[in-house]
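Everything on this sheet refers to the single structure shown next.
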Amino acid sequence: EAGVAQSPRYKIIEKRQSVAFWCNPISGHATLYWYQQILGQGPKLLIQFQNNGVVDDSQLPKDRFSAERLKGVDSTLKIQPAKLEDSAVYLCASSQRNYGYTFGSGTRLTVV
Amino acid sequence: TQLLEQSPQFLSIQEGENLTVYCNSSSVFSSLQWYRQEPGEGPVLLVTVVTGGEVKKLKRLTFQFGDARKDSSLHITAAQPGDTGLYLCAGEDNNDMRFGAGTRLTVKP
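Chains A and B, in that order, give the protein sequences.
Quick note on my numbering: the first sequence kicks off at 9 and runs consecutively.
Quick note on my numbering: the second sequence kicks off at 14 and runs consecutively.
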């Protein structure tokens with residue numbers, strides 16, 4: 009079974025620039041999550057999708073972050089404009105209920 | 014918002030020693046999961062516990078879910094350098110999963 013695919017692995021941008029991350033979940037997993045993991049901390053949920061609908065985006069900074077999951081499969085997470093404090097690893101995960109989450113390897117974003 | 018506290022934050026031990034790390038909360042969870050994360054990778058699921066008092070063993074790792082489903086522990090017997098990593102607990106309730114900050118374990122050869 010193929011895992012959760014994320015790209016790019018690394019991204020360095022200047023503050024106020026835009027950036028987008030892509031995630032392809034495990035086939036058949038209806039639920040998809042984006043997490044932000046700042047160095048030294050645990051992952052923090054940004055947004056949760058069930059198929060192509062948003063279940064929870066209460067911790068997503070909506071003034072600069074946006075995410076979509078068209079057709080209930082792939083997902084993109086965008087930051088516009090980026091701030092220095094957005095430097096983190098952005099993790100995508102997918103799940104089937106009661107089976108735990110499968111995470112991708114993440115995208116390490118550095119904002120300079 | 015559920016808050017999961019993990020302790021200790023850092024742990025450095027010698028190969029062959031035993032250790033226990035803890036995950037505590039004031040909230041009740043329908044399930045609790047433990048993950049291990051290595052540098053540059055995403056967390057990898059180790060175990061899911063769902064029943065209060067449940068104990069699960071995975072080779073040298075023993076996981077316990079508290080009777081009240083608010084806390085959990087992970088015990089490693091005879092730790093090996095390959096056990097080095099960040100151990101994260103995550104509690105789920107009503108399809109809402111929250112992570113602790115993790116315990117960073119270093120096992121020295």
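All C-beta atoms, glycine included, are put in the ideal place defined by N, C-alpha and C.
In this text, all values refer to a predicted model and were calculated from it rather than measured experimentally.
Which residues share a DSSP beta bridge with residue i?
i               : result
T90 of chain B  : Answer is none; T90 of chain B lacks a bridge partner.
K86 of chain A  : A:A28, A:S74
S38 of chain B  : None, per the DSSP bridge assignment.
G104 of chain B : B:L45, B:R111
G98 of chain B  : B:L118
L40 of chain A  : A:F57, A:S102
S25 of chain B  : B:T119
V97 of chain A  : A:Q45, A:R116
L59 of chain B  : L59 of chain B is not bridged to any residue.
L74 of chain B  : B:L71, B:I89
E18 of chain B  : B:N37
Q14 of chain A  : A:C31
So is residue i in contact with chain A if we call contact Cβ pairs under 7 Å?
i               : result
P52 of chain B  : no
L122 of chain B : Reading off the sequence shown, one finds Pro at residue 122 of chain B, where the question assumed Leu. Judged by the 7 Å Cβ criterion, P122 of chain B is not in contact with chain A.
G79 of chain B  : no
F166 of chain B : Any question about residue 166 of chain B goes unanswered here, given that chain B covers just 14 to 122.
L58 of chain B  : yes
G65 of chain B  : no
L101 of chain B : yes
F76 of chain B  : no
F112 of chain B : yes
T97 of chain B  : no
G104 of chain B : no
G55 of chain B  : yes
Considering only residues of the same chain and omitting the five flanking positions on each side of residue i, which have a CB-CB separation below 7 Å?
i               : result
K69 of chain B  : V60, V62, F76
Y100 of chain B : V34, W47, R49, L87, G115, T116, L118
L58 of chain B  : Q46, Y48
What residues in its chain sit with their C-beta under 6 Å from that of residue i, if we drop five residues either side in the sequence?
i               : result
T119 of chain B : S25, T97
S26 of chain A  : Q88
P56 of chain B  : Y48, Q50, L101
N31 of chain B  : T90
Shorter than 7 Å from the beta carbon of residue i to some beta carbon of chain B?
i               : result
S35 of chain A  : no
S113 of chain A : yes
Q49 of chain A  : yes
G61 of chain A  : no
L99 of chain A  : yes
Quick one: is residue i buried, meaning 16 or more other Cβ sit within 10 Å of its Cβ, or exposed?
i               : result
D80 of chain B  : exposed
V12 of chain A  : buried
P51 of chain A  : buried
S43 of chain B  : exposed
S85 of chain B  : buried
R77 of chain A  : buried
G104 of chain B : buried
R111 of chain B : buried
V41 of chain B  : exposed
Exercise for the section: Spell out a yes or no on whether the region 19-32 of chain A and the region 43-57 of chain A are touching, meaning 3 or more CB-CB pairs, one atom from each, closer than 8 Å. Expected result: Judged by Cβ distances under 8 Å, the region 19-32 of chain A makes no contact with the region 43-57 of chain A, as fewer than three pairs qualify.
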